[in-house]
Amino acid sequence: DAKTTQPTSMDCAEGRAANLPCNHSTISGNEYVYWYRQIHSQGPQYIIHGLKNNETNEMASLIITEDRKSSTLILPHATLRDTAVYYCIVSTGNQFYFGTGTSLTVIP
Amino acid sequence: GAVVSQHPSRVICKSGTSVKIECRSLDFQATTMFWYRQFPKKSLMLMATSNEGSKATYEQGVEKDKFLINHASLTLSTLTVTSAHPEDSSFYICSARGGRTLGEQYFGPGTRLTVT
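Top line first, the protein sequences correspond to chains A and B. As numbered in the working numbering, the first sequence has no gaps in its residue numbers, which increase by one up to the final residue, 108. As numbered in the working numbering, the second sequence has no gaps in its residue numbers, which increase by one up to the final residue, 116.
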């Protein structure tokens, strides 16, 4: 079963930062936090993942709280193409159990 | 990033027939592949985990005799839906692991199955 809780939906203005929260209060010490997104009728796309430290790549930044019970995915300058369902997953690196995700709509 | 393909992208079949879906890792060797099912407006549901050269491990509630999985090589896994019924109509997605990064899964584009 999914071990994450995310808001059902969010809106973000184009060009602004999109901050997507995720709660994972029961995360284990050996579990990573992964973020994927799914654009309608496509397979999920990898965004970023982390264990303890904050991470940044060309797509996004991942902020993990010190107690690791929650995290935030940051899309620094949202574009219309970032409209998608964003999934936060905790996993040891084996199976992924998807939660309901957050449907992000970027508004022009 | 690593590329995973699926074939076919769409398939329509008659009730009672079997359908095979292929999942290929194109530029890396996938030691493990996963099969998911997604109903409209729902999240992905893990069906099974497939390791190359061994039997697949099915999630609770997934019928192994109905959803046959074969992972014969490090780049190919197949899912066969046997004796398909309309309720099997769904979006089937595979993923593969074995790239550079620990645990990271690369997903295929999905296969839309419609059973009439």
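For every residue, glycine included, the Cβ atom is placed at its ideal position computed from N, Cα and C. Just so you know, these numbers come straight off a predicted model, no measurement behind them.
Reference A:L20, options A:A60, A:F96 and A:Y97, closest by Cα: For the purposes of this step, residue 20 of chain A is taken as residue 20 along the first sequence, with counting starting at 1. Among A:A60, A:F96 and A:Y97, the Cα nearest to that of A:L20 is on A:A60.
So the candidates are A:I48, A:T26 and A:L75; which of them puts its Cα closest to the Cα of A:T105? On the first sequence, residue 105 of chain A is found 105 positions in, with the first residue counted as 1. Ranking A:I48, A:T26 and A:L75 by Cα distance to A:T105 puts A:L75 first.
Which chain B residues are close to A:S71, counting only those with a beta carbon under 7 angstroms from its beta carbon? As a first step, residue 71 of chain A must be located in the first sequence, where it is residue number 71. Result: empty, since nearest Cβ-Cβ is about 16 angstroms, beyond 7 angstroms.
Assuming B:T32 contacts B:G103 under a Cβ cut-off of 8 angstroms, what Cβ separation, rounded to an integer in Å, is found between them? One-based indexing of the second sequence puts residue 32 of chain B at position 32. One-based indexing of the second sequence puts residue 103 of chain B at position 103. Wrong, their Cβ atoms sit about 10 angstroms apart, outside the cutoff.
Positions along the segment 43 to 58 of chain A whose CB lies within less than 8 angstroms of some CB in chain B: Correct list: G43, P44, Q45, Y46 and H49.
Based on the DSSP secondary-structure assignment, which residues constitute the bridge partners of B:S20? To locate residue 20 of chain B, count along the second sequence from 1; it is residue 20. Going by the sequence as given, residue 20 of chain B is Lys instead of Ser. Paired residue(s): B:T80.
Got a sec? Which residues, its chain only, sit under 7 angstroms from B:I93 by beta carbon, not counting five neighbours each side? Reading the second sequence from its first residue, position 93 is the one you call residue 93 of chain B. A distance below 7 angstroms between beta-carbons, with the five flanking residues on each side excluded, links B:I93 to the following residues of its chain, in chain order: Y36, Q38, L44, F107, G108 and G110.
Can you tell me which of the three DSSP states B:D88 falls into? As a first step, residue 88 of chain B must be located in the second sequence, where it is residue number 88. Reduced to three states, the DSSP call for B:D88 is helix.
Excluding five sequence neighbours on each side, which residues of the same chain lie with their C-beta closer than 6 angstroms to the C-beta of A:T26? In the first sequence, residue 26 of chain A corresponds to position 26, counting from 1. These residues qualify, in order along the chain: K3.
So that I know if they touch, is there some Cβ in chain B lying closer than 8 angstroms to that of A:Y32? One-based indexing of the first sequence puts residue 32 of chain A at position 32. Interface residue, yes.
Secondary structure of A:L20, DSSP reduced to three states: In the first sequence, the residue the question calls residue 20 of chain A occupies position 20. The three-state reading of DSSP puts A:L20 in strand, counting E and B together.
Chain A contact for B:P8 (CB, 8 angstroms cutoff): Position 8 of the second sequence holds residue 8 of chain B. No, no contact with chain A.
Residues in the segment 37 to 48 of chain B having any Cβ partner in chain A nearer than 7 angstroms: So the list reads S43, L44 and L46, given in the order they occur along the chain.
Short CB-CB distance (under 8 angstroms) between A:G29 and chain B: One-based indexing of the first sequence puts residue 29 of chain A at position 29. Look at A:G29: its C-beta is not under 8 angstroms from any C-beta on chain B.
Closer than 6 angstroms by C-beta to A:C22: which residues in its own chain qualify, once you throw out the five before and the five after it? Chain order, please. By one-based count along the first sequence, residue 22 of chain A stands at place 22. Contacts found: T4, Q6, S71 and C88.
Is there a Cβ from chain B that is less than 8 angstroms from the Cβ of A:Q95? Position 95 of the first sequence holds residue 95 of chain A. The beta carbon of A:Q95 falls within 8 angstroms of a beta carbon belonging to chain B, placing the residue at that interface.
Just grab the DSSP bridge partners of A:V50 for me. If you number the first sequence from 1, residue 50 of chain A lands on position 50. As written in the sequence, residue 50 of chain A is Gly, which differs from the Val given in the question. DSSP lists A:V33 as the bridge partner or partners of A:G50.
What does A:T91 touch in chain B if you count any residue whose Cβ is under 8 angstroms from its own? Start at 1 with the first residue of the first sequence, and residue 91 of chain A comes out as number 91. As written in the sequence, residue 91 of chain A is Ser, which differs from the Thr given in the question. Chain order gives the chain B residues near A:S91 as G103, where near means a beta carbon separation below 8 angstroms.
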